[in-house]
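Under our numbering, the residues of the sequence shown are numbered 101 to 228, in order.
For reference, the structure is listed below as structure tokens.
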Amino acid sequence: MKQNFQNKIININDSGLGCLLTLVIISLFLGAIGLQWIVNGFLIFFALLLITPIIGIWGFRWWLKRNLVADNCPVCNYSFTGFNNTDCRCPNCGEVLKVEQGKFIREIPDGTIEVKAVEVSNNILDES
């Protein structure tokens, strides 16, 4: 009976361990002959490659938290978001709004008089 021992042997090439061992051997060889600065350069580059996206995402989230404003439209009371210190339009009513200090402010064109409507009761007065 012939037994198949190929399943019992660890294949270094398939596990990815061979590539890691090759890199370790090359870095030890470069360190032994005085070229450790090459290994340090690759390690610094790899560290920057890992750290830069983390810092970038953190910075973008900080900037977004600082500049994104969520408020209601002063005309139709529709809730939406916009960027601070910009002009935008309400997606519901189309009114031009200015975003200042975390609030939506209605942009009034020159020559427009702003009035507020007041409801008047229809009580009839007796003339007697």
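Ideal Cβ positions, reconstructed from N, Cα and C, are used throughout, including at glycine.
Keep in mind it's a predicted model, so treat the numbers as computed, not measured.
Could you pull out every residue in the same chain whose Cβ sits closer than 6 Å to the Cβ of residue 182, ignoring the five residues on either side in sequence?
169, 188, 199
Using 10 angstroms around the beta-carbon of residue 173, count the other beta-carbons present and answer buried if the total reaches 16, otherwise exposed.
buried
Continuous beta strand (DSSP E) stretch holding residue 196: start and end:
196 to 200
Using the Cα positions of residue 214 and residue 223, report the straight-line distance between them to the nearest angstrom.
Cα to Cα, residue 214 sits roughly 28 Å from residue 223.
Return the Cβ separation of residue 193 and residue 175 in integer angstroms, given the expectation that the two are a contact with Cβ distance under 8 Å.
5 Å
DSSP three-state call for residue 181: helix, strand or coil?
strand
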